[in-house]
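Protein chains in written order, with the numbering used here: chain D, 872 to 1359; chain L, 12 to 475. Have a look at the structure below before the remarks.
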Amino acid sequence: MQFPLLTLIVFLPLLGAVAVALLGDKRASAVRMTAMVVAVVDLALVALLVAGFDTSAGMQFAEKVPWVPQVGITYHLSVDGMSLSMLLLSALLTVLAIVASWRTEKKPALWFSMLLLLEVGMNGVFVAMDFVLFYVFWELVLVPMYFLIGTWGGPRREYAAIKFFLYTLLGSVFMLVGIIALYLQTGTFDMLVMAEAGGLPANFQWWVFAAFFLGFAVKVPVFPLHTWLPDAHVEAPTAASVLLAGILLKMGSYGFLRISLPILPDAAREWSGFIAALAAVSIVYGAALAFAQTDMKKLVAYSSVSHMGFVMLGIASLTPAGLNGAVAVMFSHGVVTGMLFFLVGMVYERTHTRTISEVSGLSSKVPVAAGLLAFASFASLGLPGLSGFVGEFLSLLGAWSSHLWPGWVIISAAGVLLAAAYMLWLVQRVVLGTPSEAVAPIGDLTRTEVAVLMPLVALTLIVGVYWDSLLRFTDGPVQTILALMGGI
Amino acid sequence: MTELAALIPEFLVLAGALAALFAGADERRLGPWLGAGCALAAAVAVALIGPSGELFGGVMELDAVAVFGRASIASLTALWLLWVAGRGLGADRSREAAAFALLSSLGGMLMVSAQDIIVLFISLELSTMPAYVLMGYRRTDARGLEGALKYFLLSMLTSLVMLYGLSFVYGVAGSTSYAALSSAPPGALLQVSVVLVLVGMFAKLSATPFHYWTPDAYEGAQAPSVAYVSTVPKLAGTIALAQLLGALPASPDTATVVVAAAVLSMLVGNLAAFPQSDLRRLMAYSGVAHTGYLLLALSSGASGGTAAVFYALAYAVPSMAIMLLGAEEGVALDDLAGLAARRPALAWASLVWLLSLVGIPPMAGFFGKLYLFTSAVSGGQLWPVLVAIAMSVVSAGYYFRVVRRVFFGERSDAPVPPRNVPAAATFAIATLIVLALGLFASPLLGLLELRFRDVAVALAPLFG
C-alpha cells in the first residue's frame, strides 16, 4: 500500500482543529502558531502532490478501502488535474486566511479551529470519489461556515448564518435524493465506476440531473438561487468571505463537472441550453447589481455571481475550450476575488466603512493598497495578461463554437463590458480622487498584509501570462469528461 | 430450562428493577446505580447469548433484529440510569423512577421478540404502564398530573382499540401467532382489524393523528422522565411494529395507511416544532416528526424494517441526551443561552446531537436517513421521501434555534451545576455513540443483516 497522502492532506487540518480547540482561548499565541503550522504543512503536502503529479495520466494517488461494505460505501479518495487545482487553491487560501486573521481577538481558539475544520471539508470535497464520502465533506463545510459567519460576522450575522445554512442544506438534500436514485439504479456509490458504466435511461437521467442541479446551483450560485450570497458575504468576516467565494462556490461548479456531466451525459446535453440561459442571466444580472451597490463588499459579492456565470456558460458549452475555461475561471476567481475581499477587508479595518462614497483617494494616502486594489480590479474585469481573461475568453470561445444559441454568448460577452465598467468605476471612485475624511488618517498595508496578497498576485500573473501552467492540469480531466460523455 | 436461559437478560432487568425498588436510602442513589449495572449486564448478556430460534412454542423468537433491539433498549436504559445515578431527580426519590424505567424496558425487550399477538399486547402494556407513572412522577404538580392523565386516557383508549383489532385478527387467522398471520386469508375484515391494531401502535409511537397527548404530557413532566419516555419505548415500539408488519401479509392498503401516518407526522411534527419555546414541547414535536421518518421506512418492506431499527437508535440516543441536557440547564430554550461560554464541552456535544437529528453527516442521523430514504425509495415511496427530505430542512430550522441560543445567546444569571462524573460520562457516551453509529456503522449493519443491495438491484427496473 502506498503512502496515504490524500488522507493526510484531508485530515491533517482535523487534527489541527482539535488541537487548537483544546489549547483554548487563553493560549492565543500557541493557538495561532498551531493553526498556522498545520495549514502550512498541509499546503506543503499539496505542493508535494503537485510535484508528483503526472499530467498525462488520469486519476492518481487513489486510496480505496471498504467503509460500509453492506451498502457498498467505500472510502475512495483520488485526484486528477481539476481536483488538484481546486485543492491547491483551498490549501493556499486557508493559509492566507489564517495569516490575514492573525489578530482575531474574539475567541481565537474557536476561530482557528473552525477555519481548519472548514479546510477538511473543502479539501475532502475535491478528492472524494465516493458519493457518500463526497456528501459527508459537502455538508461538513456548512457547520464551520455557520459558526464563522454567526460568531464573527457583522450586525445581522445570525440571520445571514442560518440563511446560508438552510439554503445550502435545501439544495444538498435534493442532491441526496439524486445520490440515492443513482445508487438504486447502479448498485454503487462510486462516482468513477458510475461514470465509466454509463448507459442510464434518458428519462431517469433527466430527473437525477434536476436533483443535482438544485444542489449545485444553490452553491454556485446560479440566478435565481443566489439570494443567500450577498447576505452571507456582507455579514461574514473577511477570511470567511475569502473562503466562501474562493472555494465554497467552486464546490458547486466542480460538482457539475465531476458528477453531472460524466454520469448524466444525455441529461447534461438536454439541460445545457437552460443552463446557458441561466448563466447569461447570472452574468448580466450580477453585473447590473454590482453596478448599483454602494457597499464595496456587496459589489464584490455580486461580481462573484456574474463571474460564476462564466463558469456555468463554459460548462454548458460541453466543448473542450468551454470546460477548460470553466475550470480556469474557477481557479482565477478564487485567486482574484480572494484578493479583492482581502483588500476590502484591509481598507475596512482602517476606515471602518465599506461605503464607496465615503472612501476615495486611496492612491495618494495608501499607494500600496490602492495599487493592489487596482491590480485586483483589472484582473477581475478580465484584462488580458492577467488570470481573469484566460477563463472568460475560453468560456466564451467554447460557447460560441458550441451548439448553444449564440444569443446567450453575445449577452454573456456584454457582461464582460459591464464588468469592466463597474470595476473601473469602483477604481475611479475609491482609488483616484482626493482623500475623503475616512481615508485621511489611515496608514498603508503592513508587511504581513502585503505578504498575504503576494502569492495571489503571483498566481494571477503566472496564469495570465503562461496559460499552460493551469491548463496542462485541467485539459486531461476535461478530455476525460467529454470522452465519458460520448464525445461531442 | 434452556429456553428460559435465553431470557437471562430479561431476568437481569427484572432483578434490577426489584433491587432498585428496595435499595434503601436515596442519598447515595443506590437504586439507579444497581439498576444501571443490571441493565448493562443485561445488554452484555444479550450480546453474548446472541440469536436463538423460537421459544416457548413459538410465542417469541430471538432473531437478529430482536437481539439488536433488546441490546439497545438495555444499553439506553443503563445510560439513562447512569445519569439519574449522577444527578438524581431533584427533590423526588430516584429509586422508584429507576424501577419503573427498568420495568418499562423489560416490557420493551419482550415486545421486540414477540411472535404472538398476546405477548405483543401484554408486553406493550408493560412497557407503557410505568411510563404513565414516570410522566406524572411529581404527584403534587397539577400540570404534570394533567399531562400524565391525558397520556393515560388516550393511551388506554388506543390500547383498547388495538385489543379490539387483535381479537378480529385472531378471528381471521385462527391463531394468535405471527406465523399464522402471514397465511391468513386476506379480506376487508383483516384489513380493518390491521388498521385498528395500527392505531394502537401509532398512539404509542405518537404518530399523527394520535400525537396530541405528547406535547402536553411532556411539558407537564420532569425533563429526565421525558428523556426516558420519549426514547426507549419509542425504540421498542418501532422494532415491535417492524416485526409485526413483517409478519402481516403484504398489502398495499396497509402500506398506504402507514405512509399516510408517516407523511402527516413529518408535516405536523416538523412544522409544529418551529414556534415552541419549551425544549420539552420542541422535542415532543420533533419526536412526532421522527416517528414519521420511521413509519416511512416501515412502509417499505423488509429492508425498510432494518433501516427503521437503525434510525430508531440514531434518533433515541441524541434525543435522550438533549432532554437530559434540558434537565441540567433548564427546559426553556432561553435557559440554554450562553451554554457554550459556561460549559463548552457540553455545548459542542449538544451540537453533535442536534446535527445528528437534522441528519448532517458524519453523524448517526445522516446514515440513518440515508438507509431509510434508500429503502423507502426502493420500496416505491418517492413522493413521501421528497416530503421527508424537505421536512429535514425545516427541522434544521428549529434545531438551529437551539444551536443559536447555545452558541450565540447570552445569559448571565445561569447557575453552573457542580461537576458530576456519572452525568458527564452519560453525555460523553451519548456523543460517542452518535459519532460511532455514523462512522463505524458497518459492524452494526452486519449484525442487522442489512442488505440494501439485493433489494436495490431487484427493484432497479422501477426506475427505468
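Where is the CB? At the ideal position from N, CA and C, for every residue including glycine.
Please list the terminal residues of the continuous alpha helix (DSSP H) segment that includes residue i.
i                 : result
Lys1121 (chain D) : Leu1120 to Gly1126
Tyr1173 (chain D) : Met1167 to Ser1188
Gly280 (chain L)  : Pro263 to Ala284
Lys161 (chain L)  : Ala153 to Ala184
Ser138 (chain L)  : Ile128 to Met146
Ile922 (chain D)  : According to the sequence provided, residue 922 (chain D) is Ala. The question's Ile does not apply to it. Note, Ala922 (chain D): alpha helix (DSSP H), Ala899 to Ala922.
Pro433 (chain L)  : Val432 to Leu450
Gln1350 (chain D) : Asp1339 to Leu1355
Val1206 (chain D) : Pro1191 to Thr1222
Leaving out five residues on either side along the sequence, give the residues of the same chain with a beta carbon under 8 Å from the beta carbon of residue i.
i                : result
Gly991 (chain D) : Note on identity: in this sequence residue 991 (chain D) is Val, with Gly being the wrong assignment. Excluding residues within five positions, the ones whose Cβ falls inside 8 Å are Val881, Phe882, Pro884, Leu885, Ala888, Phe1008 and Leu1011.
Leu461 (chain L) : For Leu461 (chain L), the predicted structure reports a pLDDT of 47, less than 50, and the residue's modelled location is therefore unreliable. A value from the coordinates is still provided. Contacts found: Ser314, Thr317, Ala318, Phe321 and Tyr382.
Val468 (chain L) : Any answer about Val468 (chain L) is weak, because its pLDDT of 38 lies below 50 and its placement is not dependable; what the coordinates show is given next. Once the five neighbours on either side are set aside, Val468 (chain L) has no close Cβ partner at all.
Thr442 (chain L) : Ala332, Ala360, Val363 and Trp364
Arg464 (chain L) : Confidence is the limiting factor: at Arg464 (chain L) the pLDDT is only 38, short of 50, which leaves the residue's position unreliable, though a coordinate-based value still follows. If we look at Arg464 (chain L) and ignore the five residues flanking it on each side, it has no Cβ neighbours.
The beta strand (DSSP E) spanning residue i covers which residue range?
i                 : result
Ala1311 (chain D) : Careful: Ala1311 (chain D) lies outside any beta strand (DSSP E) and carries neither H nor E.
His301 (chain L)  : Not the beta strand (DSSP E): His301 (chain L) falls in the alpha helix (DSSP H), residues Leu290 to Leu309.
Thr945 (chain D)  : Ile944 to Val950
Met71 (chain L)   : Met71 to Leu73
Glu990 (chain D)  : Where Glu990 (chain D) is concerned, there is no enclosing beta strand (DSSP E), although the alpha helix (DSSP H) it sits in stretches over Pro979 to Val998.
Leu45 (chain L)   : Looking at the DSSP string, Leu45 (chain L) is not in any beta strand (DSSP E); the run it does join, the alpha helix (DSSP H), is Leu41 to Ile60.
Ser63 (chain L)   : Ser63 to Leu66
Anything in chain L within Cβ reach of residue i, meaning under 8 Å, just list it in chain order.
i                 : result
Phe1036 (chain D) : Ala407 and Phe411
Gly1021 (chain D) : Arg415, Phe418 and Phe419
Ile1033 (chain D) : Gly408, Phe411 and Arg415
Quick one: Cα of residue i to Cα of residue j, how far?
i                 : j                 : result
Lys964 (chain D)  : Gly1117 (chain D) : The amino acid occupying residue 964 (chain D) in the given sequence is Leu; Lys does not appear at that position. When rounded, the distance between both Cα atoms is 8 Å.
Glu339 (chain L)  : Pro428 (chain L)  : 7 Å
Gly995 (chain D)  : Phe1002 (chain D) : 12 Å
Ser1174 (chain D) : Phe1213 (chain D) : 15 Å
Ser188 (chain L)  : Ala28 (chain L)   : 29 Å
Phe474 (chain L)  : Gln1056 (chain D) : For Phe474 (chain L), the predicted structure reports a pLDDT of 35, less than 50, and the residue's modelled location is therefore unreliable. The matter cannot be settled from this model.
Tyr229 (chain L)  : Phe997 (chain D)  : 45 Å
Ile60 (chain L)   : Ala17 (chain L)   : 7 Å
Val1152 (chain D) : Gln202 (chain L)  : 55 Å
Leu1041 (chain D) : Ala999 (chain D)  : 21 Å
Asp896 (chain D)  : Val1334 (chain D) : 40 Å
Pro20 (chain L)   : Phe377 (chain L)  : 31 Å
Leu1119 (chain D) : Gly1357 (chain D) : 30 Å
Gln287 (chain L)  : Gly408 (chain L)  : 12 Å
Keeping to the same chain, check which residues put their C-beta closer than 6 Å to that of residue i; ignore five residues upstream and five downstream.
i                 : result
His815 (chain D)  : In this structure chain D extends from 872 to 1359, so residue 815 (chain D) is not present and cannot be described.
Gly1361 (chain D) : For chain D, the structure presents residues 872 to 1359; residue 1361 (chain D) sits outside this window and is missing.
Leu470 (chain L)  : Note that Leu470 (chain L) scores 37 on pLDDT, short of 50, meaning its location in the model is unreliable; the coordinates nonetheless yield the value given after this. Cβ neighbours of Leu470 (chain L) beyond the five flanking positions: Ser389.
Ile1359 (chain D) : Note on Ile1359 (chain D): pLDDT 49, under 50, position unreliable in the model; no value is reported.
Pro43 (chain L)   : Leu92, Val95, Ala96, Ser105 and Ala109
Can you find the residues in the same chain that come closer than 7 Å, C-beta to C-beta, to residue i, ignoring five residues on each side of it along the sequence?
i                 : result
Gly315 (chain L)  : Ala308, Leu309, Ser386, Ala387 and Gly390
Ala214 (chain L)  : Leu165, Ser166, Thr169 and Phe221
Ala1066 (chain D) : Pro1133, Ile1134 and Leu1355
Val1323 (chain D) : Leu967, Val970, Ala971 and Phe1213
Lys978 (chain D)  : Asp896 and Thr1022
Gly1256 (chain D) : Gly1335 and Val1336
Which residues in chain D have a C-beta closer than 8 Å to the C-beta of residue i? List them in chain order.
i                : result
Leu366 (chain L) : Val1014
Phe384 (chain L) : Leu1047, Val1048 and Ile1051
Ser389 (chain L) : Leu1055
Leu256 (chain L) : Per Cβ cutoff of 8 Å: no residues; Leu256 (chain L) is ~22 Å from chain D at best.
Leu397 (chain L) : Val1048
Which residues in chain L have a C-beta closer than 9 Å to the C-beta of residue i? List them in chain order.
i                 : result
Thr1226 (chain D) : Within chain L, no residue comes near Thr1226 (chain D); the closest Cβ sits about 27 Å away, beyond 9 Å.
Glu1029 (chain D) : Arg415 and Phe419
Leu1011 (chain D) : Ile371, Pro372 and Pro373
Ile1134 (chain D) : Simply none; closest approach about 15 Å.
At 7 Å on the CB atoms, spell out the chain L contacts of residue i, in chain order.
i                 : result
Leu1041 (chain D) : Val404
Val1044 (chain D) : Ile400, Ser403 and Val404
Counting only C-beta atoms, is residue i closer than 9 Å to chain C at any point?
i                : result
Ala401 (chain L) : Judged by its chain identifiers, the structure shown contains no chain C, and its protein chains are D and L.
Given 8 Å as the limit, tell me if residue i has its C-beta closer than that to any heavy atom belonging to the ligand FMN.
i                 : result
Phe1145 (chain D) : Looking at this structure, you won't find the ligand FMN or any other ligand, since it has none at all.
Closer than 9 Å between beta carbons: that is the criterion. Which residues of the region 413 to 436 of chain L meet it against chain D? Val414, Arg415, Phe418 and Phe419
Residues of the region 372 to 383 of chain L whose Cβ lies closer than 9 Å to any Cβ of chain D, in chain order: Pro372, Pro373, Phe377, Phe378, Lys380, Leu381 and Tyr382
When you check each C-beta in the region 988 to 1006 of chain D against every C-beta of chain L, which residues fall closer than 8 Å? Val1003 and Tyr1006
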